[in-house]
Amino acid sequence: MKKYKAIFFDWDGTAVLSRTAPVDEVVVPMKKLLAQGIRLVIVSGTTIENIAKGKLHEYFTPEELKNLYMGLGRGAFNYAYDQAGQPFLLSHRIPEKEELLKIHRICYEIHETLLKDYDFRTDIVFSRPNYCKIDLMVENNRGDNLFFQENELEILKENLNGHGFEGGLKGLVKLAEETAREYGMDLSATTDAKYLEVGVSSKSDNVDMILQHLWEQDQIQPEDCTFWGDEYIGLDEGLFGSDNFMRTEKTKKGDFFDVSEAKGIRPEAVTVLGGGVQTFIRFLEDQSKM
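What the sequence shown shows, in the numbering used here, is residues 15 to 304, in sequence order.
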């Protein structure tokens, strides 16, 4: 495997087992790579407060932190670190209040359609900065493991079919996009089986913006980058998990790896390694020795 200049990676399920799991093991090779000038980019749907309880920067020196970036909130926030080692907002995609309220109305209409036409019950999380999370499996609690669980896909498909919704996950995404267009909005709808997330951005926005920044700062190209995750798996025909949104027109010449053990298809460009968090940590360790 070649030495990369930039490593983009998901957090939950790729770098750590869960948001509450210790980070000590992964920060050791991260520290070595940052000291070497390798750019590390955490790309996650969560917020900065949920990455190592908001204290990840405390593991590194200000000099090391110059090479750490975070693309968070499903495209909402991109962070870098200042000379004092404190995170600052590099860019964001936060809508005005009226636009956000329109997203809320769109998601409520999706909820209403599923309940009225199919007697399919959902919950909605309205508190996200530029999207809503529609809980499609309200009786299924992931606990600390907030990433994709292998059995969830079949459970959801059976539940949808049992309520007469025959479009599957692809049909849910289509419903979300069509509902958004009725409100004059072109929204991104993604799903990991448990949640349908509808908003103005996705992980694609995170990786594209940070890659552009790395090019402008240090001429780092897509070929110099690798992208790691545990949710590339196919969920429906032509529909893949959230980490697949790191594959964009700008990043497509990079190398993509999946550490998930879940059985299923992946995009042709993605190499499936399995082994979970330990595979990713070994990769970081190997990179630090090259």
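Note that the Cβ used here is the ideal one computed from N, Cα and C, for glycine as well.
By a beta-carbon distance limit of 8 Å, L82 contacts L48. Their separation comes to about 6 Å. Taking C-beta separations shorter than 6 Å and ignoring five residues to either side along the sequence, the partners of M223 in its chain run N92 and S105, following chain order. Taking every protein chain shown into account, the CB of T193 has 16 or more other CB atoms within 10 angstroms, so this residue is buried. In this structure the region 247 to 261 lies against the region 166 to 186, because at least three pairs of beta carbons, one per stretch, are closer than 8 Å. Taking all protein chains shown into account, I279 has fewer than 16 neighbouring C-beta atoms within 10 Å of its C-beta and is therefore exposed. Excluding the 5 residues flanking it on each side, D96 has same chain C-beta neighbours closer than 7 Å at F102, in chain order. Close CB contacts of W242 within its chain, under the 6 Å cut and outside five residues either way in sequence, are with F23, T28, F271 and F294 (chain order). Under the three-state reduction of DSSP output, N173 falls in the helix class. The beta carbons of L70 and V42 sit no closer together than 9 Å. Judged by their CB atoms, S256 and T204 are nearer to each other than the 9 Å cut-off. Taking a 10 Å sphere around the C-beta of M84, we find 16 or more other C-beta atoms and assign the residue as buried. With a 10 Å radius around the Cβ and a threshold of 16 neighbouring Cβ atoms, L129 comes out exposed. In the three-state DSSP reduction, Y132 falls in the helix class (H, G or I). With respect to V212, I124 sits close: the two C-beta atoms are nearer than 9 Å. Secondary structure in the region 42 to 97: the beta strand (DSSP E) runs of 3 residues or longer, each lying completely within the stretch, are 53 to 57, 82 to 86 and 91 to 95 in chain order.
Note: G248 is bridge-paired with F254 in the DSSP secondary-structure output. Secondary structure at T205: strand, using DSSP grouped into helix, strand and coil. Between the beta-carbon of G99 and that of L79 there is about 5 Å, and that keeps the pair under the 8 Å contact cut.
Between the C-alpha atoms of F134 and G178 there is a straight-line separation of about 9 Å.
Between the region 139 to 152 and the region 230 to 237, the count of C-beta pairs closer than 8 Å stays below three; the two stretches do not touch.
Residue pairing by DSSP places W25 opposite no residue, since no beta bridge is assigned to it. Excluding five sequence positions before and after S215, the CB atoms of its chain that fall closer than 7 Å to its own CB belong to R88, G89, A90, R107, N144 and S202, given in chain order. Under a 10 Å Cβ-count criterion, L170 is classified as buried, with 16 or more other Cβ atoms of the shown protein chains found around its own Cβ. By the Cβ-count criterion, N175 is exposed, with fewer than 16 other Cβ atoms from all chains shown falling within 10 Å of its own Cβ.
By the Cβ neighbour-count rule, M15 is exposed, with fewer than 16 other Cβ atoms within 10 Å of its own.
Nearest in C-alpha terms to F259, of all of N220, I65 and T136, is N220.
S215: not part of any alpha helix (DSSP H); DSSP gives it neither H nor E. Between R53 and T127, the alpha-carbon positions lie close to 44 Å from each other. The residue from L225, Y209 and T265 with its alpha-carbon nearest to that of A94 is L225.
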